[in-house]
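Everything on this sheet refers to the single structure shown next.
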Amino acid sequence: MVHHVIDPLMDIDSHDRGRSANEFAAPGLVRADRWVGVPVAAMAVVVVIYASSMVLLGDTVAYARWPGVVTLWLIVAVCWVSVRRVGGRASVVMAALAMSSFAAGASYDLWATRAGVALPMPSPADIGFLLFYPLLVAAILTAVRRASRGLSSSVWWDSMMGALGTAAVMAVVLEPVLARVIAEPSSLATSTRLAYPVFDLVLVGCVAGIAGLVRLSGDDRWALLMAGLLIFAAADMLDALQLADDGHLPDVGWVIGLCLIAIWVAAAEPDSRPSRGGVEPRSGSAALVVSLAAGLVGLFLLVLGTRVQVSIVAVALAGATVAAAVVRSHRAFRLLRHLVDLRRHEATTDELTGLANRRVLYAEAAVRLSDRAAPCALILLDLDRFKEVNDSLGHHVGDELLARVGARLAEDVRDGDLLARLGGDEFAALVEVSDREQAVATAVKLRELLTAPFLLDGLSLQSGASIGIAVFPDDGRDLSTLLRKADIAMYKAKLTGMGHYAYSSADDEDLDSHLRTAAELRTALGEHQLVLHYQPKVDLVTGDVASVEALVRWNHPNRGLLYPIDFLSVIQEAGLMPQMTTRVLEMALDQASDWRRGGRPLSVAVNLSASSLVDNELPDVVAAMLRERKLPPSALHLEITEDFLMADRDRARAILSRLRAGGVQICVDDFGTGYSSLAYLRELPIDELKLDRSFIFPMADDERALALVTSTVGLAHSLGLRMVAEGVETDSAYAELARMGCDQAQGYFTSRPLPAAELDAWLLGRPDSFDPSALYPSG
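Quick note on the numbering used here: the sequence shown kicks off at 54 and runs consecutively.
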């Protein structure tokens, strides 16, 4: 559907209020520039005076035809002023030429009449009059064509049918004129006389065509054009049918019709002026009424022609109208059939991926599972961390990822299986299997398909997935039951990190526990049940403690103190990680502020999840927290994992650079456990590496582990980074790390994580001086 049918050169804001005195302010007229509004207003006044005088006084006061000719040239002047204003647009130029041609013909006719010169047929006046029609029709067609770019072909057919039907009716009305002219011997004069009623048919057809194209409003300029054309054509018919005895009425009709057409021309907006409105195309029942009426009229005239004498012109136009109606009906039927097919496709297909949708899955499953004996499996697949993709890269990248995932899964699904997108980032497959083991194998294969990265928006994204499996008929005999149990299994897969999981009856209780825990965590966040314990980082050279790591605990009202392993996965799945991160940062910085006021300037390290680090506002939030507590930025260390760094390195660089520029220290936690390139150590703003405990524990008995730790310490120092060893639990490990030059140690050998009060007591109980060499092996 086209919403801007009116030529942009004509676009006016018909709803403007407070128009100036120089604007043509008659109802239904449009706003014009001041220097055009004055001529238009003057023209209107002159036309009103002329028409009133001609109707009331006639020739009784020596009113010959010269006032009408003067009025015509004033109309011509208004049109040419409009040409200059709009920069010579074709439709306006042709309309101005048409007006000039008619005025020139009238002027010559007036001169010949007053000079007593007999006018032949055709005369120079006829040339001027007859040129008016094609020039004006060309102007109208040019304006409509320019205004209706992209208009539906069905609307054009409706318009054409309306024009043909109306012209057929007018041919019947003009039957006496047409019959009289056609009966004359063929000559140039006969052709000239025949041209006038034929052109009148064209003008009236233009009115019907415009009516079929646009829906009129109360102050629509196209209504002015149609009114002007109808009045002009009516004056022509009065003159041709010799229904006006005094001859004044056609003259008045021509002038008024041309005046209205000139106002339509004057309403043109320059190309440089932005469009401020327009007329909407006819659509729906309104458009069909025009075509239906035209078709019925054409059919009626054809039937009438078999009973009474009807001109060949009317019969030809009626036949063309009926033929157009047949073509229009055929096109409408094809369009309707296409829409039905499109609706059916939309109703059964997921728009984003092209896969079957939830409706199809339910319908097909009802057929496949009824009276079935052989086993099959419902595999429910949910993308991991999909929300982070949407939040960090935008929904357009998320949509593209879903489409790529759907395409990759569809390539591997067998012909007899059914793959559907349920919505969001969930997909389901109903597959033929021989037993539960084959169902698990199929799920594993589907999950492996997604391990290869997707190249999206210039980024390489790896999409993990969690898969739940429910087997028919053991786990359920209908799709609703299978979906519920596959959903339980899928959440189990996410919680355990296994990636896939087959439902068992014991999982119902686990799900209930999971949902209950999520609800309790929401309460815990609101009632400040989360607490922090702090584990010191000991300097391996001096033995001093300058920083601690904040570790979250849940002081559950019934279950006691819970560790992160008991609730972090639920926090993540319930979407509560941002709230928990904010709460942990607030508590850690409050404690750092208390220590600093007490004369113990300890920095505090806080772990951030990947989901927290996709927030572009994080640097600003952190800076505001530090300012509020009057803490230096160096009082906060933020610990992140390698997984986040490699998932979206460009985003990591942007966020970490802003944090680091603000003075916050950046640490990489669990270093060495990821599958990443070490290039990020050079590219990203990092201050500290924390070597994972899995390298520290076997050092005493494994020379390769010892070599790895030694080389990693050297790597960190060569890059200007601090090295912290976590999981230090023995004096030998502590001493070995000190010997190889590691900067700090953290672990049970020095202290377990402690509440703030107990950590204060532990710090006070330490000796004033500490000699780490006492722990070194002798010799």
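For each residue, glycine too, the CB sits at the ideal point set by N, CA and C.
Run through the region 425 to 500 for me and flag every whole alpha helix (DSSP H) of 4 or more residues, listed as ranges in chain order.
Qualifying alpha helix (DSSP H) stretches, in chain order: 439 to 446 and 448 to 465.
Return the CA-CA distance between residue 127 and residue 119, expressed in angstroms with no decimal places.
13 Å
4 or more residues per run - each alpha helix (DSSP H) lying fully within the region 681 to 744
695 to 700, 702 to 714 and 732 to 736
May I ask you to list the residues that DSSP assigns as paired with residue 616?
According to DSSP, residue 616 bridges with nothing at all.
Close-in-space but distant-in-sequence residues of the same chain around residue 793 (CB under 8 Å, 5 per side omitted):
762, 763 and 766
Taking the beta carbon of residue 193 as the centre, do at least 16 other beta carbons fall within 10 Å, making it buried, or is it exposed?
buried
Suppose you measure from the CA of residue 479 to the CA of residue 529; what does that come to, to the nearest Å?
Distance between the alpha carbons of residue 479 and residue 529 is about 20 Å.
Segment contact, 8 Å Cβ cut-off, at least three pairs: the region 774 to 787 with the region 806 to 818
In the pairwise beta carbon analysis, the region 774 to 787 is classified as not touching the region 806 to 818: fewer than three pairs are separated by under 8 Å.
Consult DSSP for residue 516 and reduce its assignment to one of helix, strand or coil.
Here DSSP, grouped into helix, strand and coil, assigns residue 516 to coil.
Looking at residue 646 and residue 682, is the spacing between their C-beta atoms short of 8 Å?
yes
Run of the alpha helix (DSSP H) containing residue 127, from where it starts to where it stops:
119 to 139
Residue 575, buried or exposed, once every other Cβ within 10 Å from all chains shown has been counted against 16:
exposed
Span of the beta strand (DSSP E), counted from its first residue to its last, around residue 778
775 to 779
Should residue 789 be labelled buried (16 or more other beta-carbon atoms within 10 Å of its own) or exposed?
Its Cβ being crowded by 16 or more others within 10 Å, residue 789 is buried.
For residue 142, does the three-state DSSP call read helix, strand or coil?
In this structure, residue 142 counts as coil in the three-state DSSP scheme.
Identify the residues that DSSP records as bridge partners of residue 587: which are they?
603 and 807
What residue range does the alpha helix (DSSP H) around residue 787 cover?
784 to 793
Given residue 739 as reference, the closest of 691, 781, 465 and 594 once Cα atoms are compared
691
Secondary structure of residue 760, DSSP reduced to three states
helix
Would you list the one or two residues that DSSP bridges to residue 554?
521
For the 8 Å Cβ check, are there 3 or more pairs between the region 530 to 548 and the region 451 to 468?
no
Give me whichever residues DSSP pairs with residue 410 in a beta bridge.
Looking at the DSSP assignment, residue 410 forms no beta bridge with any residue, so it has no partner.
What number of angstroms, rounded off, separates the C-alpha of residue 123 from the C-alpha of residue 308?
10 Å
Put residue 802 into one of helix, strand or coil per three-state DSSP.
Per DSSP, reduced to three states, the secondary structure at residue 802 is coil, with no helix or strand assignment.
Given this structure, state the Cα-to-Cα distance separating residue 508 from residue 461, to the nearest angstrom.
13 Å
Can you say whether residue 501 is buried or exposed, counting buried as having 16 or more other CB atoms within 10 angstroms of its CB?
Within a 10 Å sphere around the beta-carbon of residue 501 sit fewer than 16 other beta-carbons, which makes this residue exposed.
Are the Cβ atoms of residue 476 and residue 412 separated by less than 8 Å?
no
Cutting at 7 Å between CB atoms, please list the residues of its own chain near residue 167, excluding the five before and the five after it.
none
Based on DSSP bridge pairs, tell me the residues matched to residue 660.
Looking at the DSSP output, residue 660 shares a beta bridge with 692.
Is there contact between the region 439 to 456 and the region 533 to 550, where contact requires at least three CB pairs shorter than 8 Å?
no
Can you grab the Cα-Cα spacing for the pair residue 687 / residue 618, in whole Å?
29 Å
To which residues does DSSP link residue 609 through a beta bridge?
613
Return the bridge partner residues of residue 508 from the DSSP annotation.
513
So, is residue 677 buried or exposed, given that buried needs 16 or more other C-beta atoms within 10 angstroms?
Counting Cβ neighbours within 10 Å, residue 677 comes out exposed, since fewer than 16 surround it.
My guess is that residue 737 and residue 705 are in contact by the Cβ rule of under 8 Å, so how many angstroms apart are they, rounded?
Between residue 737 and residue 705 a beta carbon distance of about 6 Å is seen, short of the 8 Å cut, so the two are scored as contacting.
Residue 471 classed as buried or exposed, judged by whether at least 16 other C-beta atoms fall within 10 angstroms:
buried
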